[in-house]
Structure formats: C-alpha cells, structure tokens
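Asker: Using this note's numbering, the first residue of the sequence shown is number 2, and each one after it goes up by one. What follows is a structure written as structure tokens; I'll ask about it next.
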Amino acid sequence: MIHLFLFAWLAGQSGTSDATQHLQAGVEARKQHKVDTEITEFRKATELDPASADGFVNLGAAYMEKHDYGAAIAPLKHALQLSPDLAVAHQFLGYALLAQGYAAEAIPHLDRVGAHDALGIAQIETGQLKEAVENFNAALAKRPDDPDLQYYLGHASGLLSKSSIDTLLAMHPDSARAHQALAENYFVLRQMPQAEKEYLEALRLRPDLPSLHLELGQVYADSAQWPKAESEFRAEAKLRPGSAEAAYRLGAALLQQGKSHDALIELKRANQLKPEMPETLYSLGKAALLGGEGSTAEQSWLKVVELEKDTSLAAQSHFGLAGLYRKQGKTAQAQHEMQEFQKLQSTIGPPRSE
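The structure is reproduced here in structure tokens:
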C-alpha cells in the first residue's frame, strides 16, 4: 500500500533538474523492486536538492521498504523540518518510530494523519488503553474483517478490563465487586473452592446484587453440585424474572436432577424470554421428551438443527430426533436422523455428556 501511494504521489511531481531525474529513477527502481537502487537514487536526489522534502520522504520510505526503520527516521524527520505539514512524512515517520519502539514519539505523527490502527498500537504501549480501544474500533469500522485489528482490539480491551479490575481491587478491596472480580478470576482458572468462597462473601455484602447468584450457580454446576446450583439459579430467577439465562440455567439444573416437569416449565419460559437460543432449545427438547411432549421435543430439536447445522448441539439433536422417531414408529425418519448424527459425530467427535 505504501508503494502504490508513493508512486501516485511522485507521478505528479514535475521538473527537469538532476534531482528530479534521480527521483524518477528511484520510482522506476521501486516498480522493479530494486530497493538498494531506490536508496541510492533517492539519496542522490537529496544531495542535489537538499531543500526539497520529496527526496527525503522517499529515501525514508525506501529504507522502510527494506525494513530498516531505524535508518528511515532521520530523512523523514528532515523532510518534516523542510515541510512541516507534509502528511505522508508524518505517517511514515510515525510508522518508523513505532517499529523502533518509540511509541510515545510516534503518537503525535500518527494522530495527525488519523492512522487509527498504528495509533492504537502505540497507545497500548504507552498505557493509553481507552484511547487504543477507540482507535481500533474506528479502524475496524473501515476494515471489519482484518484479523490483526480484531486481535489488537481484543488485546487492548482485555488490558483495559484488567486495569479497571486492578484499580477496583486496590481502591475497594473489601467491596462486593472486588470479591466478585476475584471469584470470576478463580472461575476462569477452574479453582472452584476459591471462587465459591469469594462469591459467598460478595453475596454476604450485597445479597441482592444482580448476577452473583447466577455466577455462583455456575460454579456449582461446573462442580456437578446440582442441588446447590438449582438453589442459586432459583434465587437469580426470583431477583430477575426477566432473565432468560437465569431461567435456562435453572431449567438445566432441574433437568440434571431428573425433575423434568419443573425443568420443562423453566425452559419454556427461557425460550419465551429469548427465543431460538440453541442451548435452551436442546435442553427444552430433552425435558419435553421426558415429560411426554413429543411434538415440543421434535420442534425444539428441529430448530436446533436449523440454527446450528454442524455443531455438537446439532449432532445431539439429530440423535434425540432419531430416538423420538423410533418410539413413534417412523423408521425412515429415524434412520435419516441417525445417519446425520453419525456424519456429524465423525467430524466433531462424540456428543458431550450431560
């Protein structure tokens, strides 16, 4: 992208001086990917016409093309001394400085030309995390499929989150939110006893704080302590009756304990609150089958297959449908669903245990 931009910029240059001839020779060398020749020609242009910024910008760009960013800095700085408003020089100098680790010095140059991606990287290195997130979002608005931008946005957001949590723990170590933050960290690390302890302390301090019961319930669910999980999910559902996740988690915990009737009620409610969530629909199908509602089970699993196509949930739904159709005497349909299950199982592995 740099090469094309510079060629277009130089194509508009005019003049017949020796310096201009060397500039044009440098452009021709660039087109032929002869970087060393570029450097030689642009350096000659700067010697013949030391008052023109053109040669210095292109000499710096040639060094950048060679990945010699340190050598690029001096000519680019000189170009800006000659022409302080030259945007291309600011852009290239910002890139060169950033590549050499001079992030703070690069920022004003990158900011001036709106180079959001490079500016965001420089801001990560200087601890300006909020600004970095804003710049990566701006860059992604223009290039939404860029994997580097997606990585850097996630990286900057994670650092910003960590910074906020560190501040919380330093300033309010005994607060419910601090204990919740510690609990979440322990949960990620799969240290369930420590996570449970921190969640319980957070609940002691603020028993009505939304999401605490839900998160503690997930600790118990991941430890297969289903009665405790049910109790916490039920408390969350009572606090937030409009939460589809709380209803789903409660229904799933009830289903694990064989309480299919109560599970069916909660899972239907979860589906009403937030329709077409594959996890809810799959569990709803299981509960409906156990509760004798074959039609509900069928419709739920068919919807999962429609939504998921080739995931583990889709495979499990095909398996469920095969069993349902066998019970109903629909042999051909049962065979078809079993074939679909086996096809998916061969690519994604066996269904997870529930």
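All C-beta atoms in this analysis are idealised placements derived from N, C-alpha and C, irrespective of residue type, glycine included.
Taking just the CA atoms, how far does residue 217 sit from residue 75?
Answerer: 58 Å
Asker: On a Cα-Cα basis, can you pick out the residue from 266, 308, 238, 304 that is closest to residue 289?
Answerer: 266
Asker: Please state the DSSP three-state secondary structure of residue 79.
Answerer: helix
Asker: Contact defined as beta carbons within less than 8 Å: I believe residue 213 pairs with residue 181. What is the distance between those atoms, to the nearest angstrom?
Answerer: 6 Å
Asker: Using only alpha-carbon positions, find the residue among 110, 173, 253, 279 that is nearest to residue 304.
Answerer: 279
Asker: If you drop the 5 nearest sequence neighbours on each side, which residues of the same chain put their C-beta closer than 7 Å to that of residue 326?
Answerer: Excluding positions up to five away in sequence, the list reads 334, 335, 338.
Asker: Kindly list the residues whose CB is nearer than 6 Å to the CB of residue 227, restricted to its own chain and excluding five residues on each side of it in sequence; keep chain order.
Answerer: Answer for residue 227: 254, 257, 258, listed in chain order.
Asker: Quick check for students: name the residue ranges of the alpha helix (DSSP H) that lie wholly in the region 203–258, counting only runs of 4 or more.
Answerer: Taken in chain order, the complete alpha helix (DSSP H) segments of 4 or more residues contained in the region 203–258 are 213–223, 227–240, 245–257.
Asker: What does a CB cutoff of less than 7 Å around residue 52 pick up in its chain, not counting 5 residues either side in sequence?
Answerer: 83
Asker: At the level of alpha carbons, what is the spacing between residue 231 and residue 193?
Answerer: 17 Å
Asker: Between which two residues does the alpha helix (DSSP H) holding residue 176 run?
Answerer: First-last for residue 176: undefined, no H or E at that position.
Asker: Buried or exposed, going by whether 16 or more other CB atoms sit within 10 Å of the CB of residue 155?
Answerer: exposed
Asker: Count the other CB atoms within 10 Å of the CB of residue 65; is the residue buried (16 or more) or exposed (fewer)?
Answerer: buried
Asker: In its own chain, which residues sit with a C-beta less than 7 Å from the C-beta of residue 44, not counting the 5 before and 5 after it?
Answerer: Excluding sequence neighbours, residue 44 sits near 60.
Asker: Between the region 164–183 and the region 194–207, do at least 3 Cβ pairs fall closer than 8 Å?
Answerer: yes
Asker: Measure the alpha-carbon distance for residue 223 versus residue 111 and round it to whole angstroms.
Answerer: 47 Å
Asker: In chain order, what residues of the same chain have a beta carbon less than 7 Å from the beta carbon of residue 9, not counting five sequence neighbours either side?
Answerer: Residue confidence for residue 9 is low, a pLDDT of 41 falling below 50, so the modelled location carries little weight and cannot support an answer.
Asker: Here's a check: name, in chain order, each residue in its chain whose Cβ is nearer than 8 Å to the Cβ of residue 137, leaving out the five neighbours to either side.
Answerer: 117, 118, 121, 150, 153, 154, 157
Asker: So what's residue 6 in DSSP terms, helix, strand or just coil?
Answerer: Note that residue 6 scores a pLDDT of 45, beneath 50, so its modelled location is shaky; the value from the coordinates is reported in the next line. Helix, per DSSP.
Asker: Write down the C-beta distance between residue 215 and residue 237 rounded to the nearest angstrom, noting that I regard them as a contact closer than 8 Å.
Answerer: 4 Å
Asker: Enumerate in chain order the residues of its own chain whose CB-to-CB distance from residue 246 is below 6 Å, with the five nearest sequence positions on each side excluded.
Answerer: none
Asker: Tell me where the alpha helix (DSSP H) around residue 348 begins and ends.
Answerer: 332–349
Asker: Pick helix, strand or coil for residue 293, following the three-state DSSP scheme.
Answerer: coil
Asker: Secondary structure at residue 150, three-state DSSP: helix, strand or coil?
Answerer: helix
Asker: Between residue 57 and residue 20, what straight-line distance do the alpha-carbon atoms span, to the nearest angstrom?
Answerer: When rounded, the distance between both Cα atoms is 11 Å.
Asker: In its own chain, which residues sit with a C-beta less than 6 Å from the C-beta of residue 316, not counting the 5 before and 5 after it?
Answerer: 342, 345, 346, 352
Asker: If you compare alpha carbons, which of 54, 190, 185 is closest to residue 91?
Answerer: 54
Asker: Mark residue 86 as exposed unless 16 or more other C-beta atoms lie within 10 angstroms of its C-beta, in which case mark it buried.
Answerer: exposed
Asker: What's the gap between the Cα of residue 146 and the Cα of residue 273?
Answerer: 34 Å
Asker: Grab the span of the alpha helix (DSSP H) containing residue 25 for me, first residue to last.
Answerer: 19–32
Asker: What distance in whole Å lies between the Cβ atoms of residue 329 and residue 295, which are believed to be in contact at a cut-off of 8 Å?
Answerer: 7 Å
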